[in-house]
Amino acid sequence: MTKQFKPTIKRRIRHPGEIFKQQFIVRYNLKIQDAANKLHINRVQLSRFLNGHDAVTVTLARKLEVATNVSAEYWLNRQARFNLQEAQRQQQEVQAESLFG
């Protein structure tokens with residue numbers, strides 16, 4: 200028996216780049232180039248992350264942890280939640296069958 204699952208999205212989950220931008224770049228009035236230098240990445244990479252075009256990688260999450268004192272796990276979890284939300288938004292219905300009968 201096939202069941203349809205219609206996920207509900209209660210509130211928009213922000214991309215981790217948007218969170219980083221608001222909580223650190225804007226709050227502390229940092230220049231993108233200066234932040235990129237501190238993270239040891241180039242300005243384009245940081246800009247793509249801040250604008251939601253690139254995901255948090257394990258390496259970037261570890262760099263963010265060192266730079267912000269916010270755990271790499273936090274950044275990776277935020278990215279996973281964002282990715283799931285985007286998948287649900289793009290494909291509202293998923294058909295699947297139970298593994299248990």
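Its first residue numbered 200, the sequence shown is counted upward by one per residue in my numbering.
Don't be surprised by glycine CBs; every beta carbon is placed ideally from N, CA and C.
Predicted model, so just to flag it, every value in this text is computed and none were measured.
Does DSSP classify residue i as helix, strand or coil?
i	result
Gln294	strand
Phe219	helix
Asn268	coil
Lys262	helix
Phe281	helix
Using 9 Å as the threshold, is the C-beta distance between residue i and residue j below it?
i	j	result
Gln244	Ala235	yes
Leu259	Ile231	no
Arg277	Val257	no
Gln289	Arg211	no
Leu249	Phe219	yes
Indicate whether at least one CB of chain D lies closer than 9 Å to the CB of residue i.
i	result
Asn250	Absent here is chain D; the protein component of the structure consists of one chain.
For the segment 221–257, which segments carrying the alpha helix (DSSP H) assignment without a break, of at least 4 residues, lie completely within its bounds, in sequence order? 231–238 and 242–249
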